[in-house]
Amino acid sequence: MHICEVEPAITSIVTDKEALISFKSGVSLPPSFWDQNSSPCTNWTGVVCNKLGNRVVALHLSGLGLTGSISPHIGNLSFLRSLQLQNNKLTGNIPSQILHLFRLRSLNLSSNTIQGPLPSNLTQLTALQTLDLASNNITGTLPENLNSLKNLQVLNLARNNLHGPITSSISNLSSTLTHLNLGTNSLSGRIPSELGFLYKLKELDLAVNQLTGTVALSIYNISSLVLFTVASNQLWGEIPSNIGHTLPNLLYFRTCINQFKGKIPASLHNISGIRSIRLANNLFEGSVPPGLGNLQFLEMYNIGFNQILSYGDDGLSFLTSLTNNTRLQFLGIDDNNLEGVIPESIGNLSGVIEKLYMGGNHIYGHIPSSIGHLSSLTLLNVSYNLISGAIPPEIGQLKDLQMLGLAANKMSGHIPNSLGKLRMLNNIDLSGNYFVGNIPPSFPNFQKLLSMDLSNNLLNGSISTEIFLSLPSLSTILNLSNNFLSGTLPEEIGLLGTVVTIDLSDNRFSGSIPSSIGKCSSLVGLFMVRNTLSGPLPNALGEMKGLEILDLSSNQLSGSIPDTLKDLRVLRYLNLSFNLLEGVIPNGGIFVKNISSVYLEGNPKLCLHFSLCGECCKQS
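Residue 620 is where the sequence shown ends in full-length UniProt numbering, and the numbering goes up by one at each step.
Written out as structure tokens, the structure reads:
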């Protein structure tokens, strides 16, 4: 009798071992990973057996960078309760044999590149408590009968390619489901009001889909909710005024990038434990409700791109109430209708605040010098306001600053040399103001700068060679247009080998275009319009193979058009008008294929028609 009990166990472990060996053959486990001369229940990495040591109950191989596909023989591990293969590089479909694992409680295949539809009859796995297939390439629709998974607590299908409606059958999991994440798919239709029956739900993530309609009041009444996000859909309607009472446990509330309207509910500011409020890119109106100072755990507050308004000098007084929020890292109030003066108390905001978006409002007055106290700032953007006065030199104290945006204001005075202390800066935009004087000599300190826009100011003087010598990282834009800059262009301009756009238009630059410009191999757009540049066009212009736009109009350039320009295959706009060019135009490239995008007028000695070229040359 004792022998009869042992015999089936031996057969079973052989079956489990064979199944694991077959699984191993389909993925990139090292040959020595499992000792095939031993039992899986001895010391096989990632394999867990039951207490008797005769059946495999768990396979945990997450984060090993595995490639390959899941063997259908995985279905022979009939006692398997947990399968954890997340954070690998597995491909192929989910084998249908996985449906044989009727004891399976946890299935996690997230963060792979698994494709194809969900296995039909997936709902046969009635013991499942966790189903996590997030971050794959799974296609198809949601199963209709998800309610068959009567023990399911976590359903995570986020970041896949699922389409179709959200099945209302999920609502029948009301006694078990705590996490529902269907975000970042292509789901459409309305959010079923029946989801409001999920009274144990803690996390509801439906963000980044194509959902339409309103959010049912029943969903706002799931008092257990900790996370609620429906961001990036096509939803509308108003948020209930009593949301702070119906969702008292809420930590993360995200409705951004929709069409919600009405006022920001004041009760939202009564949820004392909330960490993130994101309402940006909607149609909210009215004022910022009081109570922000109650939110001591608040890390993110983003109401940008709405129609929020305020009036008078004290219109930004709510910023003062935020000085109690010692954990605030992100504040976005940009692109609204806020009016007022930036209070001196802004320097008392959280010492860990990293991003401050205030652009696109009607803010006036000066930038307080206290801004220099925000030592953790990585981004400061107050562009497109009515701010006047000088740049406070204290901004130079923000040693971690990566983006400084002061564009399109009424600021004046010299650009302070202290900005050169911002060695982490990768984007500076001071355009559209009334700044005067030279480009500060400290600007070559910007070793990580990707983009610099000083256009539309009153800057004068020449460009030092150090600017080009010390900005090798510049890779997006150098825009110095619409100033009073003068002098010749240094040969060192050719060191900007990674920059995409250079705009030096509407200045007083003179002399010739350096031939080193041809070394700007990443250049897509080059603009030097309305200067007094002279001399011939360098042949090196033809070396910039990625150039799409070249505008050198309204200068005093002379000589012939370099034949090399016809070799620029992606060139789609060429303006050399109103110069002193002469001779024949090249025969080929843009001059033939897209002549309507070539502008050469205002060069009286230039032969504009091939058929007349001989005659033109004789006359000239």
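The beta carbon of each residue, even a glycine, is placed where N, CA and C say it ideally should be.
{"Asked": "Test item: CB-CB of V584 and S554 under 7 angstroms", "Found": "no"}
{"Asked": "Among V57, L279, T498, nearest to I74 - alpha-carbon criterion", "Found": "V57"}
{"Asked": "Residue closest to P248, alpha-carbon to alpha-carbon, out of V288, L133, S486, L295", "Found": "L295"}
{"Asked": "Residues near S69 by beta carbon distance below 7 angstroms, same chain, minus five either side", "Found": "G26, L90, T91, G92"}
{"Asked": "Cβ shell of G542 (< 7 angstroms), same chain only, five flanking positions each side left out", "Found": "P562, T564, L565, D567, L568"}
{"Asked": "Bridge partners - V436, DSSP secondary structure assignment", "Found": "H414, L458"}
{"Asked": "Whole runs of the beta strand (DSSP E) within the stretch 306-350, excluding any shorter than 3 residues", "Found": "330-332, 339-341"}
{"Asked": "Cβ pair count under 8 angstroms reaching 3, the stretch 398-407 against the stretch 425-435", "Found": "yes"}
{"Asked": "Of the listed residues L401, G396, R423, D400, nearest to I415 (C-alpha basis)", "Found": "G396"}
{"Asked": "Exposed unless 16 or more other CB atoms sit within 10 angstroms - verdict on K24", "Found": "buried"}
{"Asked": "Coarse secondary structure for F33, derived from DSSP in three states", "Found": "coil"}
{"Asked": "Best match in L331, H245, T178 for proximity to L227 [C-alpha to C-alpha]", "Found": "T178"}
{"Asked": "Start-end ranges of the beta strand (DSSP E) lying completely within the UniProt domain \"Disease resistance R13L4/SHOC-2-like LRR\" (70-210), minimum 3 residues", "Found": "82-84, 89-91, 106-108, 115-117, 130-132, 137-140, 154-156, 161-164, 179-181, 186-190, 203-205"}
{"Asked": "Close Cβ partners of I239 (< 6 angstroms) along its chain, the five nearest in sequence each way excluded", "Found": "P265"}
{"Asked": "Beta-ladder partner(s) of F228, from DSSP", "Found": "L204, F253"}
{"Asked": "F509 versus P490: straight-line alpha-carbon distance, rounded", "Found": "11 angstroms"}
{"Asked": "Helix, strand or coil at E285 [DSSP, three-state]", "Found": "strand"}
{"Asked": "Beta-carbon spacing of L109, L128 below 7 angstroms", "Found": "no"}
{"Asked": "Rounded separation between K200 and I342 - CA only", "Found": "44 angstroms"}
{"Asked": "Other residues of its chain near M424: CB distance less than 8 angstroms, five sequence neighbours each side excluded", "Found": "T378, K399, D400, L401, Q402, K448"}
{"Asked": "Any non-hydrogen atom of the ligand ZN within 6 angstroms of I166 CB", "Found": "What this structure holds is no ligand at all, so the ligand ZN is not there to describe."}
{"Asked": "Alpha carbon of H373 to alpha carbon of S174, nearest angstrom", "Found": "50 angstroms"}
{"Asked": "Rounded C-alpha distance that separates G389 from I590", "Found": "47 angstroms"}
{"Asked": "Range of the contiguous beta strand (DSSP E) that encloses N302", "Found": "300-302"}
{"Asked": "Residue burial classification, R572 (beta-carbon count within 10 angstroms, cutoff 16)", "Found": "exposed"}
{"Asked": "Selected residue, minimal CA-CA separation from S96, among N337, N121, G559, N221", "Found": "N121"}
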